[in-house]
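**Student:** Numbering-wise (the working numbering), the sequence shown opens with residue 3 and increments by one.
The C-beta atom is built at its ideal place from N, Cα and C for all residues, glycine as well.
Only a predicted model underlies this, so the values are computations on that prediction, with no experimental measurement involved.
Before we start, here is the structure in question, set down as structure tokens.
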Amino acid sequence: MVKKKSNEYIPDWVPENPSDAFATKVVKGITSDSKKSGENQSQKRTHLKIDDYVDGVLKNDRTILARAITLIESNSPAHYEKSQEVLKKLLPHSGNSIRIGITGFPGAGKSTLIETLGLFLIKQGHKVAVLAIDPSSTITKGSILGDKTRMEKLSREKNCFIRPSPSEGTLGGVARKSRETMLVCEAAGFDVILVETVGVGQSEVTVRSMVDFFLLIMLAGAGDELQGIKKGVIELADALVINKADGDNKPRALSAQAEFSMALKYIAPATKHWQTNAYTCSALTGEGIENIWNVITKYKEHTKSTGTFEERRKDQSLEWVFSLIDEQIKKSFYENPDIIKSLPKIQKDILSGKILPTAAAEVLLRVYKK
Ligand code: GDP
């Protein structure tokens, strides 16, 4: 923590002059234990050069890692260029991890499971980074994944790094930033990356396109509709976990597991040569968590031996390139001064029926191409 004014404290990764260019902001009211201990209070925020970022990340310096991610998340063109330079130098050191996507409806137990699994993995000697992709934050400016105290025990662990979702931008933009954040975490030595997302929309497809293994957390008896789980999401999963298999709920969880196991036989697997299965666990008591890790380990060994692991990563790299192009083209379109000028009138004309949507799109594209 860095002391700002006499009684105001901000995390290390918050930019010195937070402006709209940065995607992550800290709201008033954030305090920390370091306030009491006086830890780092005299630390001055120094200007970092590209090599400072690179060296700091490679040494697993938490403050610099956090600041590198803040740089990546920035919306300013100047920061973008610098972050790309940093990334270029870190890229050769990345890739050495298992990337795991975790999704599920709010309340299914994602954060509890991540905390239990994360603590288990750290005990085993792993270094765990937890990233969140929360598209709701771009709509509501609030965040489903960020509005409660989450993973308290895990966040205190030295070998764990937790980063909330960037809170501004489109899903594509948020995903681009998270993907780059993932690479930076790998360069910093984290060998398990957990990417959490809310199972209520498009974000699962995006997260699937950046992870090796995709875990869907469900509940017994809640009904597919209630859980907002579409068949499409099940088709993305490499494992289904029925959480809260404890106490009175255990028998229901076991029968849900049996039902899902049957249903999964008729669904095309998300990964070639890998049969998606259903399991039970209790994120609260920890029962079944080790088994989930065993499944993931087996999956990694299996897909590496068949070549599917590398093949998917290569496909994902290609997909990434195209999504970057999409993002840049879209940005350049909407930031084009002529488009900005013409858009309000054309929008009015579409709404009043003066012009058809297809013709409107054509006109705008013509304006842009000019
Ligand atoms: P998220 O919204 O998906 O991140 O869900 P949370 O992890 O916040 O969990 C929602 C609620 O379910 C919390 O009150 C948890 O304590 C509870 N919960 C999570 N996992 C379990 C579990 O395995 N068993 C039981 N009984 N409760 C759980």
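For the segment 284-349, which segments carrying the alpha helix (DSSP H) assignment without a break, of at least 4 residues, lie completely within its bounds, in sequence order?
**Tutor:** Taking only runs of at least 4 residues, the alpha helix (DSSP H) segments lying wholly in the segment 284-349 are 291-308 and 310-337.
**Student:** Taking 7 angstroms as the cut-off, decide whether the C-beta atoms of I124 and E154 are in contact.
**Tutor:** Position 122 of the sequence shown, counted from the first residue, corresponds to residue 124. Position 152 of the sequence shown, counted from the first residue, corresponds to residue 154. Not a contact, by the Cβ cut-off of 7 angstroms.
**Student:** Answer yes if the segment 297-312 comes into contact with the segment 210-226, meaning at least three C-beta pairs across the two stretches below 8 angstroms, and no otherwise.
**Tutor:** Yes: at least three Cβ pairs fall under 8 angstroms.
**Student:** Pick out whichever of R101, R69, A363 and L121 has its Cα sitting closest to the Cα of K347.
**Tutor:** Stepping through the sequence shown from its first residue, residue 347 is reached at position 345. That would be A363, whose Cα lies nearest to the Cα of K347.
**Student:** Given a threshold of 16 other Cβ atoms within 10 Å of its Cβ, counted over all protein chains shown, does Q259 qualify as buried or as exposed?
**Tutor:** As a working mapping, residue 259 is identified with position 257 in the sequence shown. Classification for Q259: buried.
**Student:** Three-state secondary structure (DSSP) at R158?
**Tutor:** Locating residue 158 in the sequence shown gives position 156, where the first residue counts as 1. Three-state DSSP puts R158 in coil, outside helix and strand.
**Student:** Answer yes or no: the CB of K112 versus the heavy atoms of the ligand GDP, is any distance below 6 angstroms?
**Tutor:** Within the sequence shown, numbered from 1, the residue matching residue 112 stands at position 110. K112: yes, Cβ under 6 angstroms from the ligand GDP.
**Student:** Between L185 and S96, is the Cβ-Cβ spacing less than 7 angstroms?
**Tutor:** Taking the first residue of the sequence shown as 1, we reach residue 185 at position 183. Taking the first residue of the sequence shown as 1, we reach residue 96 at position 94. Yes, these two residues count as a Cβ contact at 7 angstroms.
**Student:** Which parts of the segment 91-146 are runs of the beta strand (DSSP E), unbroken and 3 residues or longer, counting only runs that do not cross its ends?
**Tutor:** As far as the segment 91-146 is concerned, its whole beta strand (DSSP E) runs of at least 3 residues are 100-106 and 130-135.
**Student:** Would you identify the three-state DSSP class for V243, choosing helix, strand or coil?
**Tutor:** As a first step, residue 243 must be located in the sequence shown, where it is residue number 241. It is a strand residue.
**Student:** For I352, I'd like the list of residues in its chain whose CB is within less than 7 angstroms of its CB, leaving aside the five on either flank, ordered along the chain.
**Tutor:** By one-based count along the sequence shown, residue 352 stands at place 350. So the list reads P359 and A362, once near-sequence residues are dropped.
**Student:** Considering E198, what are the terminal residues of the beta strand (DSSP E) in which it resides?
**Tutor:** What you label residue 198 is simply residue 196 of the sequence shown in a count that begins at 1. Per DSSP, E198 belongs to the beta strand (DSSP E) from V194 to V200.
**Student:** Mind checking V59: buried by the 16 CB within 10 Å criterion, or exposed?
**Tutor:** Within the sequence shown, the letter at position 57 stands for residue 59. That one is buried.
**Student:** Could you tell me if A255 is buried or exposed, where buried requires 16 or more neighbouring beta carbons within 10 angstroms of its beta carbon?
**Tutor:** Working through the sequence shown from its first residue, we reach residue 255 at position 253. Buried, by the Cβ-count rule.
**Student:** If you measure from the CB of K252, is any heavy atom of the ligand GDP nearer than 6 angstroms?
**Tutor:** For the purposes of this step, residue 252 is taken as residue 250 along the sequence shown, with counting starting at 1. No, the Cβ of K252 stays beyond 6 angstroms of every heavy atom of the ligand GDP.
**Student:** By how many angstroms is the C-alpha of L133 removed from the C-alpha of E117?
**Tutor:** By 1-based counting over the sequence shown, the position of residue 117 is 115. By 1-based counting over the sequence shown, the position of residue 133 is 131. In a straight line, the C-alpha of E117 is about 13 angstroms away from that of L133.
**Student:** Could you pull the DSSP bridge partners for F262 from this structure?
**Tutor:** Within the sequence shown, residue 262 is the residue found at index 260, counting from 1. DSSP lists no partner for F262.
**Student:** Would the beta-carbon of D248 be found less than 6 angstroms away from any heavy atom of the ligand NAD?
**Tutor:** Summarising the ligand content, the structure contains the ligand GDP and does not contain the ligand NAD.
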